[in-house]
Amino acid sequence: MVIYHIITLTKFWDKYYDADSKYRYIMKFDARVVAICFMLTLTSIAGCLEDEPKKPIVIEEPSLPNGTFVTDSNGILIDGEPLAMDFVFSNVGEQGAEPSIGVTSSGCIFFIAFEKPMRSCDHGVTWTDTSDGTQAFFTNDPYGWVDPITDRVFNIHMMGLWTTWIGWSDDDGETWAANPHDSGSVPINDHIKLGSGPWTDDGYGIGGGVSSNIYETAVYFCFNKLLYISCYTSYDGGATFEAGGDIIGLATTNGGLHGAITTAPDGTVYLPPRVETPAIIFSKDNGLTWEERTMGEDVGTPNPRKNGEVATDTDSNAYNVWVGGDQGVYMSRSLDSGNTWEQTSIRISPVEVISATFPHTSAGDPGRIAITYLGSENATELNQTDIDGNPWDGNAHYATSNITHYLYVTYSLNALDENPIFHTQRVSSDPVQVGSICLNSGDCRSDDGGSNRNLLDFNDLHIDLEGRVYIGFADGCTGTCASGNDTTPANSRDRLGSVYYLGNGPSLYESVGNLTEFYPIIENLQEPTKKSLIPMLFVGMCVLPSSLKRFRL
């Protein structure tokens, strides 16, 4: 019977087909068509009108989603409701082993992919290389920065060890200017960093805060000189760096390596040196003089290690974040602009995350911070033989081929409380790296995937004016590695520029409240069964003629 009706409809359709036209015209309504559709629909949904057999009620113990943790200041799980948040992925489409990310007030995202300043002004849907002939044509060390006060976008590249080529744009990358030799002292300017912040009324800031001929913000440029750190201050928005000099002390104990430059609203500048004891170098006079403070002796740092990083909130409280000797991510806080730091370290990452590296952080209002890092939950691999033949202690540098590293983000909305709560989510659905990650560029390893020097020195995290988190990272596990068809170290040595940003979830600015997705997606729709598709098919055949006139062949 059903076959007969279909044949009838097909014949009726053929009547209205114009073989000489480029279009096929949809059938017109007719009493016969309506009757047929009505009968077929009733027949196919008859079973849907019957009562469903009752199923026994199963009460399950509440549990957190896989990869979600709510923890205390020791990294221990507590009974708490996780923050409702989800993240949106964007493929930059270019290699970016050492990514920097920033967002202008217009909402354009900038991602430094080696020498290419990539831009997306549609929330990561498309990306464009904005460089022109004024910008560096190669790089030995890339870096990027978006000034949150002036919107100036910086595109910074080390040219060998001799000099640094710095470009800048004041119109979202539509046009660029540059200084190809913009370095402070030369030669040797490695691991370059640039940042900016308010002028103070002291030191270099005396002129910067009063002269109309000086750029609105102080721009800082720091790099390691193998024996110490050099830091310079620019009065003209990064075009030249004529004021500054060398920082001696803690900065000399690991070749002058250091993390990102961070400034506070009160003008304090922070620089985290990559040293054995967690530490901070800071300046209150726009870089004329520097002081140092230590903390975290209760947890130390791993060996080898990567940079710690600093966040400052709208009240100029500071949060220093680093990886401890047990591979957990830790934090120390300063409530007096860097003068004193608490000496009891606070664990940010859950104890279930037994390996971590590449931490980065940003803050909004007081106590509202976000931290990202690569991590692993492969606890069964601890004390197994690592790639150097020793019991593995969780250090990613020596990880075996069985270790998978994912991207994590941890939020706290009460990070200044005596007992803050941390909400952690495993953001990436597939590994970022399989096997080991080189944490010492002068002493890398090879595993089943060859050299583990595909991911370089850091990832990045910044927030926009709404307090929305943006994470820039390099993805080593792509293609068949990500799909699960060949998730091995040998297939995990990519360095694809990648972004995750907060879709739905809390802003780091309390007054903003919860943020929502730019492009909402309808989720949790039940997948139709074969039985339910039958009435949908015939109802569609009857309804479509009333709304469509024609469609191209």
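Going by my numbering, the first residue of the sequence shown is number 314, and it counts up by one from there.
In this text, a Cβ means the ideal position worked out from N, Cα and C, and glycines have one as well.
Contact set for residue i: own chain, Cβ-Cβ below 6 Å, skip 5 residues either direction
i, result
"F554", "G497, F534, Y545, S547"
"A803", "D761, G762"
"C361", "For C361, the predicted model reports a pLDDT of 44, less than 50, meaning its position is unreliable; a value from the coordinates is still stated below. Cβ within range, chain order: n/a, list empty."
"H673", "E622, T685, N772, D773, L774"
"R646", "Y632, E655"
"D515", "D598"
"Q697", "W705"
"T452", "F427, E428, H470"
"G380", "R739"
"E363", "Below a pLDDT of 50, predicted positions are generally treated as unreliable, and E363, at 47, falls in that range; the measurement from the model is reported next regardless. Closer than 6 Å at Cβ, skipping near neighbours: no residue."
"I425", "S413, P455, G457"
"V401", "Y814, G816"
"L778", "S418"
Residue interval of the beta strand (DSSP E) (run including residue i)
i, result
"G558", "556-560"
"E605", "604-607"
"K506", "503-510"
"Y545", "542-547"
"E622", "622-625"
"M644", "642-647"
"R739", "735-739"
"C535", "531-537"
"M773", "The identity of residue 773 in the sequence shown is Asp, whereas the question assumes Met. Its beta strand (DSSP E) spans residues 773-776."
"Q408", "399-408"
"H673", "668-676"
"V722", "717-725"
"V634", "631-636"
"Y813", "809-819"
"T685", "682-689"
"I784", "782-788"
"V825", "Looking at the DSSP string, V825 is not in any beta strand (DSSP E), and its letter there is neither H nor E."
"I414", "414-416"
"F831", "Here F831 belongs to no beta strand (DSSP E), and DSSP marks it neither H nor E."
Enclosing alpha helix (DSSP H) for residue i [first to last residue]
i, result
"I519", "518-521"
"D796", "The residue you asked about is not Asp; residue 796 is Ser in the sequence shown. Here the alpha helix (DSSP H) through S796 covers 793-796."
Cβ-based burial, residue i [other Cβ within 10 Å; buried from 16]
i, result
"Y336", "Residue placement at Y336 is poorly supported in this model, since its pLDDT is 32, which falls under 50; the coordinates are not used for a value here."
"V740", "buried"
"T793", "exposed"
"P663", "buried"
"V588", "buried"
"F536", "buried"
"P906", "Because residue 906 is not part of the residues shown, which for the chain are 314 to 866, the question remains open."
"V438", "exposed"
"A397", "exposed"
"S482", "buried"
"Y832", "exposed"
"C751", "buried"
"S596", "buried"
"N630", "buried"
"H571", "buried"
"N827", "exposed"
"N616", "exposed"
"P430", "buried"
"I422", "buried"
"I462", "exposed"
"S307", "Here the chain comprises residues numbered 314 to 866, so residue 307 is not present and cannot be evaluated."
"I784", "buried"
"E394", "exposed"
Spatial neighbours of residue i in its chain, beta-carbon cut-off 8 Å, leaving aside the 5 residues before and after
i, result
"I370", "Residue placement at I370 is flagged as unreliable, the pLDDT there being 48, under the threshold of 50; a coordinate-derived value is accordingly withheld."
"N691", "I667, S668, N715, I716, T717"
Close-in-space but distant-in-sequence residues of the same chain around residue i (CB under 7 Å, 5 per side omitted)
i, result
"G521", "W512, I527, A531, Y548, N599"
"I501", "L474, K538, L539"
"I560", "Y541, I542, C544, I594, W603"
"G651", "T581, Y583, I593, F595, R606, A631"
"G569", "N537, K538, L539, L540, Y541, I542"
Proximity test, residue i beta-carbon vs the ligand GDP heavy atom, cut-off 7 Å
i, result
"A426", "Only the bare structure without any ligand can be found here, which leaves the ligand GDP out of the picture."
Chain D contact for residue i (CB, 8 Å cutoff)
i, result
"S386", "Here there is only one protein chain, and chain D is not present."
>> Below 8 Å, how does it come out for the segment 797-812 and the segment 397-409: are there three or more Cβ pairs, yes or no?
In response: yes
> In chain order, which continuous runs of the beta strand (DSSP E) of length 3 or greater are located wholly inside the segment 566-599?
Replying inline: 582-584, 592-596
>> Going residue by residue through the segment 425-490, where are the continuous beta strand (DSSP E) segments of at least 3 residues, counting only ones entirely within it?
In response: 429-433, 454-459, 466-472, 476-482
> With a cut-off of 8 Å, do at least 3 Cβ pairs link the segment 720-730 to the segment 693-710?
Replying inline: no
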